[in-house]
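Residue numbers (my numbering), protein chains in the order written: chain A, 1 to 110; chain B, 1001 to 1116. Beneath this line is the structure, given in structure tokens, with notes to follow.
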Amino acid sequence: GQNIDQPTEMTATEGAIVQINCTYQTSGFNGLFWYQQHAGEAPTFLSYNVLDGLEEKGRFSSFLSRSKGYSYLLLKELQMKDSASYLCAVPNQAGTALIFGKGTTLSVSS
Amino acid sequence: DSGVTQTPKHLITATGQRVTLRCSPRSGDLSVYWYQQSLDQGLQFLIHYYNGEERAKGNILERFSAQQFPDLHSELNLSSLELGDSALYFCASSVDSLGGGGREQFFGPGTRLTVL
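Given below as structure tokens:
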């Protein structure tokens, strides 16, 4: 089955850099997703990694190490609007569902 | 705006009642997924439909059922409601199934269900 672990909460200040880690255990691997979710709103797609390495997309980057079952989301030049929950997710073995971690709530202060 | 619509936005009902949540996927998407999100459990996968057929079941209670219609909209039926069913219910859609293709899911705004 799938198991995903993320820190529950993190805090940072505006302008800083923060790294949100995710470790996963999965039977079969079909990539790893990161979603952002503001309180009470729908999750929105941030990134998808299927190969090892770093994928950069503006202020956000995502890293994957398949051998270590590890990913991180790197947020640079933090802004107040980045305060949200960040969800790590992997497809199940059949590719018919996304299994989400419980999310990391990031609070950005000025 | 993801292009996925859900109605109603809010629903307040009593224990023992039955409700129906509705979802319309993005134009062209064949897959619909339902998720339940409560404060202590996070986002939990309930069920997946692809082009009208059930593809996968997650942590869905027997009191809950769903279907996807020929026009691809989907309904989630929750019956014999309990206090613990109070949660945000999200619908998501994608072009096809997730396996190997990195198909992102697009989430609707959710239905907040409150059971009193």
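Glycine residues also receive a C-beta, built at the ideal position from the N, C-alpha and C atoms. Just so we're clear, the structure is a prediction, and the values are computed from it rather than from any experiment.
Asked: 7 Å Cβ shell around Glu-77 of chain A - same chain, five flanking residues per side excluded; Found: Gly-15 and Arg-59
Asked: Cβ neighbour criterion (16 or more within 10 Å) applied to Gln-1036 of chain B; Found: buried
Asked: Beta-bridge pairing of Ser-65 of chain A - partner residues as DSSP gives them; Found: A:Tyr-70
Asked: Any C-beta of chain B under 8 Å from that of Ala-42 of chain A; Found: yes
Asked: Sheet register partners of Pro-91 of chain A (DSSP bridge); Found: A:Leu-98
Asked: 8 Å Cβ cutoff, Ala-1087 of chain B in contact with chain A; Found: no
Asked: Lys-102 of chain A versus Ala-89 of chain A: straight-line alpha-carbon distance, rounded; Found: 9 Å
Asked: Interface partners of Ile-20 of chain A on chain B, CB under 9 Å; Found: Near Ile-20 of chain A there are no residues of chain B at all, since even the closest Cβ is about 15 Å away, more than 9 Å.
Asked: Residue closest to Ala-1092 of chain B, alpha-carbon to alpha-carbon, out of B:Arg-1022, B:Glu-1053 and B:Val-1115; Found: B:Arg-1022
Asked: CB-CB length for Ser-61 of chain A against Ser-71 of chain A, believed under 8 Å; Found: About 11 Å separates the two Cβ atoms, so there is no contact after all.
Asked: Contact with chain A by Ser-1024 of chain B, beta-carbon distance below 8 Å; Found: no
Asked: Length of the line joining the Cα atoms of Leu-1043 of chain B and Phe-29 of chain A; Found: 20 Å
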